[in-house]
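Take any residue in the sequence shown, note its place counting from 1, add 20, and you have its number in this note's numbering.
Ideal placement from N, C-alpha and C gives every residue a C-beta, glycine not left out.
Remember, predicted model here, so these are calculated numbers, not experimental data.
Remarks on the structure that follows.
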Amino acid sequence: MSYIHHCYHIIFSTKNREPMIHKSFQPDLYSYIGGIIRDRKGAVIEIGGIQDHIHILAKLHQSQAVADTIRDLKSGSSRWVNEHQKCNGHFAWQKKYGSFTVSQSVIPDVVKYIQNQETHHRKESFQDEFRGFIKRHGFELDEKYMWE
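Structural data, given as structure tokens:
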């Protein structure tokens, strides 16, 4: 038997960081995203965010490629928002995203962080938050392409 724990903190924004995720449909959107993860044999731990971006903490099944899962999350959820006319205008996610592994020991901290997004973003913009994630994980951020 193999013991595999693949937990990811996934972050992505609406296209051009438009504030299109309205509170009126956030729970349904999060539920729909959770369904996509479960359909791919994964488990949602927490989903949250504000009007212009989303955080997903999930255990993904080892048989599923992370990039494929995120592609399906973004395409499926944007299609759902548009088909159900949940917001004015065309809904889309940005092209780029962040996906960071999370160890079991810090899952409660990440859950709390995701649950407190509204409070957190009274002090810090999404761009600054994401820059911090990029730097903490040892990457260099290419501003030219990141915000597409």
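Check: Where does the unbroken alpha helix (DSSP H) through residue 96 begin, and where does it stop?; Outcome: 86-103
Check: Please look up how many angstroms separate the CB atoms of residue 67 and residue 53, rounded, as I've assumed it's under 8 Å.; Outcome: 6 Å
Check: In three-state DSSP terms, what is residue 191?; Outcome: Because the chain in this structure spans residues 21 to 168, residue 191 falls outside the shown range and cannot be described.
Check: CB-CB under 7 Å to residue 119, same chain, minus the five flanking residues each way: which ones, in chain order?; Outcome: 28, 30, 86 and 90
Check: Looking at the strands, I want to know which residues DSSP matches up with residue 28.; Outcome: 78 and 121
Check: I need the straight-line Cα distance from residue 41 to residue 111, nearest angstrom please.; Outcome: 9 Å
Check: Do the region 152-160 and the region 91-100 make contact, defined as three or more Cβ pairs closer than 8 Å?; Outcome: no
Check: Give the straight-line distance between the Cα atoms of residue 56 and residue 160, rounded to the nearest whole angstrom.; Outcome: 31 Å
Check: Counting along the chain, where does the beta strand (DSSP E) carrying residue 68 start and finish?; Outcome: 63-70
Check: Between the alpha carbons of residue 99 and residue 145, how many angstroms are there, rounded?; Outcome: 26 Å
Check: For residue 35, tell me which candidate among 72, 127, 124 and 76 has the shortest Cα-Cα distance.; Outcome: 72
Check: Taking 7 Å as the threshold (C-beta atoms), are residue 45 and residue 113 in contact?; Outcome: no
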